[in-house]
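Everything on this sheet refers to the single structure shown next.
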Amino acid sequence: MSLEGRVAIVTGASKGIGLEIVKQLLTKGVKVAGWSRTDNDITDPNYLFISVDVSDPESVAHAYRQTAEMLGENIDILVNNAGFGIAGPMDEMVFEDWKRMFDVNVHGIFFTSNAVIPKMKELDRGHIINISSIAGRNPVKGFAGYAGTKHAVTGISHSMFMELRDFGIKVTCIYPGSVNTNFFDDIDAVTANENMMRPEDVASSVVHCLETHPNYLPVDFEVRPLRPNPTK
34 MSLEGRVAIV TGASKGIGLE IVKQLLTKGV KVAGWSRTDN DITDPNYLFI
84 SVDVSDPESV AHAYRQTAEM LGENIDILVN NAGFGIAGPM DEMVFEDWKR
134 MFDVNVHGIF FTSNAVIPKM KELDRGHIIN ISSIAGRNPV KGFAGYAGTK
184 HAVTGISHSM FMELRDFGIK VTCIYPGSVN TNFFDDIDAV TANENMMRPE
234 DVASSVVHCL ETHPNYLPVD FEVRPLRPNP TK
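Printed below as a string of C-alpha cells:
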C-alpha cells in the first residue's frame with residue numbers, strides 16, 4: 034500500500050533506528066514529525082522536528098497539537114521508537130534509573146498512543162508500530178529493568194492490536210536483536226560492532242509493515258543478526 038501523503042510521528046528520531054525510519058518514510062512521500070529531545074540534521078520540507086519528552090504527558094500533548102497544526106490532523110502512523118536501557122544487577126540498580134526506563138519505554142507508549150488513537154478511530158485507519166527488543170521476548174541477565182520494560186511493551190502491544198483492529202487500526206510490535214547504534218555507549222559489557230544489524234535494515238522492516246495490504250496485520254516481527262558472533 035502506498036504511503037504517499039500520509040502523516041507520521043516517529044519518536045526517538047534524532048539518531049539510530051528512529052533517524053533511519055524518518056529518512057525512509059520521507060523517501061516514500063510521508064510527512065513526518067520527528068519527536069525527540071534533540072534534533073537531527075534532516076532538512077526536508079516534509080519533515081518537522083518537535084522537541085518532546087515522551088515520558089511527560091503535557092509535553093506529548095503539546096507536541097501532538099503542534100504536529101496537527103503543521104502537518105495536518107490526519108495523523109495515521111505512529112512509530113514508538115523512543116527508549117533506552119541501563120544495565121546492572123537488581124541489587125545494584127538505582128531506582129531513578131529503573132523508574133526512568135519505565136517512564137520512557139512504557140509510559141511513553143501510553144502517552145503517545147493515547148494522543149493519536151482518537152483521530153485514527155475517526156479516520157477508520159491507522160498503524161501504530163512499537164519498537165520493542167528481543168529482550169521483550171527473552172530474559173536477559175543483567176538487564177532486568179530494561180527487559181521488564183520491553184516485556185511490558187509486548188503485552189501492551191498485543192492488547193492494543195486486539196482492541197484496535199475493529200477500528201481499522203493496525204498495531205505491530207517489532208523485536209530487534211542487537212543493532213549497531215549508540216544504545217551500547219553506556220553499557221560496558223557490550224560494544225557496538227559490525228556483526229550487529231544495521232539500523233537502516235530495521236527501519237526497512239518498519240516501512241515494510243507500514244506498506245502491507247489494508248487487510249494484512251503483522252502483529253509480531255522479530256529480526257536478528259545472521260552471525261552475531263562469527264568465527265574467524
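According to my numbering, the residues represented by the sequence shown are 34 to 265, in order. Cβ atoms here follow ideal geometry from the backbone N, Cα and C, with glycine treated the same way.
Problem set entry | Beta-carbon separation (whole angstroms), Arg-70 vs Ser-88, contact threshold 8 Å | Contact between Arg-70 and Ser-88 does not hold, since their C-beta atoms are separated by about 10 Å, which reaches or exceeds 8 Å.
For this session: Starting from Trp-68, follow its DSSP beta bridges and name the residues at the other end.
Result: Thr-44 and Ile-83
Exercise. Could you give the residue range of the beta strand (DSSP E) that holds His-191?
Worked result: That residue, His-191, is in no beta strand (DSSP E); its alpha helix (DSSP H) goes 177-197.
Problem set entry | Simplified DSSP assignment, three categories, for Tyr-97 | helix
For this session: Report all residues from its chain with a CB closer than 7 Å to the CB of Ser-166; omit the five preceding and five following residues, and keep chain order.
Result: Result list for Ser-166: Lys-183, Tyr-208 and Pro-209, in chain order.
For this session: Mind checking which residues open and close the alpha helix (DSSP H) that includes Pro-232?
Result: Here the alpha helix (DSSP H) through Pro-232 covers 232-243.
Exercise. Is it a yes or a no for the region 73-81 touching the region 146-153, going by three-plus beta-carbon pairs under 8 Å?
Worked result: no
Exercise. Going straight from the alpha carbon of Gly-178 to that of Pro-247, what length do you get?
Worked result: 36 Å
Exercise. Identify the residues that DSSP records as bridge partners of Lys-61: which are they?
Worked result: According to DSSP, Lys-61 bridges with nothing at all.
Problem set entry | Spatial distance of Tyr-97 from Ile-164 (CA atoms) | 20 Å
Exercise. Do Leu-36 and Gly-67 have their CB atoms nearer than 8 Å?
Worked result: no
Exercise. Among the residues of its own chain, which have a CB less than 7 Å from the CB of Leu-104, if the five just before and after it don't count?
Worked result: Within the same chain, Cβ atoms closer than 7 Å to the Cβ of Leu-104 are found at Val-40, Lys-64, Ala-66 and Leu-81, the five residues on either side in sequence being excluded.
Problem set entry | Bridge-paired residues (DSSP) for Ile-207 | Answer by DSSP bridge pairing, in chain order: Ile-164 and Phe-254.
For this session: Would you mind working out which of Ile-75, Ala-180 and Val-55 sits nearest Ala-120, comparing C-alpha positions?
Result: Among Ile-75, Ala-180 and Val-55, the Cα nearest to that of Ala-120 belongs to Ala-180.
Exercise. Which partner residues of Ile-110 appear in the DSSP bridge assignment?
Worked result: Ala-41 and His-160
Exercise. How would you write the range of the alpha helix (DSSP H) that Met-134 sits in, first residue to last?
Worked result: That run of the alpha helix (DSSP H) goes 128-135.
For this session: Closer than 8 Å by C-beta to Asp-11: which residues in its own chain qualify, once you throw out the five before and the five after it? Chain order, please.
Result: Because residue 11 is not part of the residues shown, which for the chain are 34 to 265, the question remains open.
Exercise. Skipping 5 residues on each side, what residues in its chain have a beta carbon closer than 7 Å to that of Met-34?
Worked result: Glu-244, Thr-245, His-246 and Pro-247
Exercise. In whole angstroms, what is the alpha-carbon distance linking Gly-201 and Ser-238?
Worked result: Roughly 21 Å between the two C-alpha positions.
Problem set entry | Contact check, Leu-197 vs Thr-145, beta carbons under 8 Å | no
Exercise. So, are the CB atoms of Phe-117 and Val-137 less than 8 Å apart?
Worked result: yes
For this session: Inspect the beta-carbon positions of Val-55 and Ile-75 and report whether they are closer than 8 Å.
Result: Yes, the Cβ-Cβ distance between Val-55 and Ile-75 is below 8 Å.
Exercise. Among the residues of its own chain, which have a CB less than 8 Å from the CB of Leu-59, if the five just before and after it don't count?
Worked result: Val-65, Ile-75, Asp-77, Asn-79 and Tyr-80
Exercise. So Ser-211 and Met-195 are in contact, right, with Cβ under 8 Å, and what is the actual spacing, rounded?
Worked result: Not really, about 30 Å apart at Cβ, beyond 8 Å.
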